[in-house]
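Participant: Residue numbers (this note's numbering): 88 to 549. Sharing a structure, written as structure tokens. Questions coming.
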């Protein structure tokens with residue numbers, strides 16, 4: 088029972104590990120496993136079945152055949168071990184240590200020598216020799232095709248085939264079997280290069296596209312940071328320059344005993360307070376999320392990353408007609424989900440749906456690439472980002488947010504904000520976007536939640 092439970096536990100662990108991989112990681116693993124299995128398929132067919140004739144050819148033939156099979160198995164194991172680093176070398180992720188090719192190269196020479204020796208002692212049927220000769224270079228050739236350029240691989244393969252056929256002729260091979268052996272070995276080399284190289288190329292292209300998508304998300308974050316820096320520079324640079332000039336003027340007037348120095352200092356005080364308010368406005372605009380802008384930005388960024396996006400209900404009463412505080416809160420949900428889908432998910436499609444009930448607005452963001460990974464992970468900083476940050480923001484308005492997988496590959500985030508959501512000071516949002524005293528729009532959260540550790544990855548609407 089314990090053994091059975093252990094096997095079941097390992098199977099469950101493999102299944103969980105498979106679902107935790109992104110789609111690109113699954114394709115990469117599938118490609119590598121396919122090449123590894125191909126080695127064993129050729130071994131069990133071209134490499135093993137022809138050896139059935141050695142049992143009637145004497146003890147020497149049986150011993151050579153057994154040694155040939157053992158070396159072939161060892162070569163296949165080494166080939167499987169070298170496939171993953173060979174793929175990494177092909178796409179430039181990490182260099183392949185050349186010393187790892189020494190033992191496979193020695194085993195290839197040994198395999199070739201054993202096959203020639205088996206032929207020399209008349210241990211193989213004439214029709215079995217070309218078949219076994221096809222299998223001998225396969226295990227070595229699969230990783231080697233990823234490590235050298237295609238032209239060099241073909242040149243090395245031609246040299247190896249010529250040397251093998253020449254040695255085979257020197258030990259008694261003649262006529263049609265000799266020609267058939269050369270042709271089948273050339274066919275094996277063509278099969279390897281035509282299957283392995285395209286697989287490596289396609290995986291390299293897909294990984295480059297994945298890296299480009301990640302870079303695009305980081306560039307969008309950097310652009311938003313630059314925008315915020317420019318806004319702060321424009322506000323503080325101008326006003327601080329005026330304050331410095333007026334302060335210098337006030338000092339000169341005071342030294343002369345001119346009472347106008349007081350007026351200059353009063354003006355300095357007024358400009359300082361105005362600057363303080365302008366900075367607050369910039370920070371508030373940076374921390375608040377506007378729903379139409381966030382929807383437009385999410386669509387643009389996700390589509391640029393190769394993800395198809397559908398938005399429903401944004402132009403209706405659930406979108407444009409929603410109160411300002413509700414729009415700000417839902418804008419944060421769109422911002423966080425879109426940004427984290429880019430960073431953590433691997434979707435092909437993302438759908439955003441807005442619906443308005445009698446007393447609330449409901450937003451659903453669903454993508455098909457999250458799998459078992461929560462795309463709203465908090466990152467451990469507690470800075471108001473991720474699912475916990477959204478719950479805090481929406482909770483301050485009486486709203487809720489839930490997130491979880493739907494089926495095998497779908498992940499859905501559902502946010503509900505009541506139409507009576509109130510901003511700071513208990514102000515109730517109205518359908519017309521009621522403003523607070525002093526012309527300030529109600530903030531999306533009643534608590535001074537800290538902003539996300541990184542600015543929104545959505546581009547600014549110009």
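Yeah, the Cβ is synthetic: ideal placement off N, Cα and C, and Gly gets one too. Computed from a predicted model, the values in this text were never measured in an experiment.
Would residue 487 pass as a contact of residue 286 if the rule is Cβ separation under 8 Å?
Facilitator: Taking 8 Å as the Cβ cut-off, residue 487 and residue 286 do not qualify as a contacting pair.
Participant: Take every Cβ of the stretch 292-306, pair it with every Cβ of the stretch 259-279, and state whether three or more of those distances are shorter than 8 Å.
Facilitator: No, the stretch 292-306 does not touch the stretch 259-279.
Participant: Among 301, 171, 210 and 272, which has the Cα closest to the Cα of residue 147?
Facilitator: Of the candidates 301, 171, 210 and 272, the one whose C-alpha sits nearest the C-alpha of residue 147 is 210.
Participant: Residue 286 lies in the alpha helix (DSSP H); which residues open and close that run?
Facilitator: 262-342 is the span of the alpha helix (DSSP H), which, as asked, contains residue 286.
Participant: Threshold first: 3 residues or longer. Then list the beta strand (DSSP E) segments lying entirely within the stretch 176-225, N to C.
Facilitator: Segments of the beta strand (DSSP E) lying fully in the stretch 176-225: there are none.
Participant: Which residue wins for smallest C-alpha separation from residue 235, given the options 183, 220, 331 and 414?
Facilitator: Measuring from the Cα of residue 235, the nearest candidate turns out to be 183.
Participant: Is the beta carbon of residue 205 sitting closer than 8 Å to the one on residue 152?
Facilitator: Yes; because the gap between Cβ atoms is below 8 Å, this pair is in contact.
Participant: Exposed or buried, residue 242, counting other C-beta atoms within 10 Å across all chains shown (16 or more means buried)?
Facilitator: The residue in question, residue 242, is exposed, as its Cβ has fewer than 16 Cβ neighbours within 10 Å.
Participant: Where does residue 409 fall in DSSP's three states?
Facilitator: In this structure, residue 409 counts as coil in the three-state DSSP scheme.
Participant: For residue 485, which of helix, strand or coil comes out of DSSP?
Facilitator: The answer is coil: DSSP assigns residue 485 none of H, G, I, E or B.
Participant: DSSP beta-bridge partners for residue 492?
Facilitator: In the DSSP output, where bridge partners are listed per residue, residue 492 has 498.
Participant: I need the boundaries of the beta strand (DSSP E) containing residue 443, first residue and last residue.
Facilitator: Its beta strand (DSSP E) spans residues 436-443.
Participant: So, for residue 221: in the same chain, excluding its five sequence neighbours on each side, which residues have a beta-carbon less than 8 Å away from its beta-carbon?
Facilitator: The answer, listed in chain order, is 129, 133, 271, 272, 274 and 275.
Participant: Just how far apart, CA to CA, sit residue 127 and residue 264?
Facilitator: The straight-line gap from Cα to Cα measures roughly 25 Å.
Participant: Report back the beta-carbon spacing between residue 401 and residue 441 to the nearest angstrom; my notes put them in contact at under 8 Å.
Facilitator: Sure, about 6 Å apart at Cβ, within 8 Å.
Participant: In whole angstroms, what is the alpha-carbon distance linking residue 330 and residue 339?
Facilitator: Residue 330 and residue 339: Cα-Cα distance of roughly 14 Å.
Participant: Which of the three DSSP states, helix, strand or coil, is assigned to residue 235?
Facilitator: In the structure shown, residue 235 sits in coil (DSSP, three-state: anything other than H, G, I, E or B).
Participant: DSSP on residue 109, reduced to helix/strand/coil?
Facilitator: Three-state DSSP puts residue 109 in coil, outside helix and strand.
Participant: Under 7 Å Cβ to Cβ from residue 230, same chain only, skipping five residues before and after it: list those, please.
Facilitator: Once the five neighbours on either side are set aside, the close Cβ partners of residue 230 are 166, 169, 170 and 173.
Participant: Which residues in the same chain as residue 251 place their Cβ atom closer than 6 Å to its Cβ, once the five residues preceding and following it in sequence are excluded?
Facilitator: Here the set comprises 199.
Participant: Secondary structure at residue 137, three-state DSSP: helix, strand or coil?
Facilitator: Note: residue 137 maps to helix in three-state DSSP.
Participant: Tell me which same chain residues have a C-beta within less than 6 Å of the C-beta of residue 449, skipping the five on either side of it?
Facilitator: The residues are 442 and 503.
Participant: Alpha carbon to alpha carbon, how far is residue 381 from residue 478?
Facilitator: Each residue's alpha carbon lies about 18 Å from the other.
Participant: How far does the beta strand (DSSP E) with residue 397 in it extend, from its first residue to its last?
Facilitator: It spans 395-399 - the beta strand (DSSP E) in which residue 397 sits, taken as one unbroken run.
Participant: Tell me, please, which residues DSSP counts as bridged to residue 454.
Facilitator: According to DSSP, residue 454 bridges with 437 and 498.
Participant: Can residue 455 and residue 505 be called in contact, C-beta distance under 8 Å?
Facilitator: Contact flag unset, no.
Participant: So, residue 189 versus residue 237, is the Cβ gap smaller than 8 Å?
Facilitator: No, they are not a contact pair.
Participant: Per DSSP, what kind of secondary structure is residue 447 in: helix, strand or coil?
Facilitator: Strand at residue 447.
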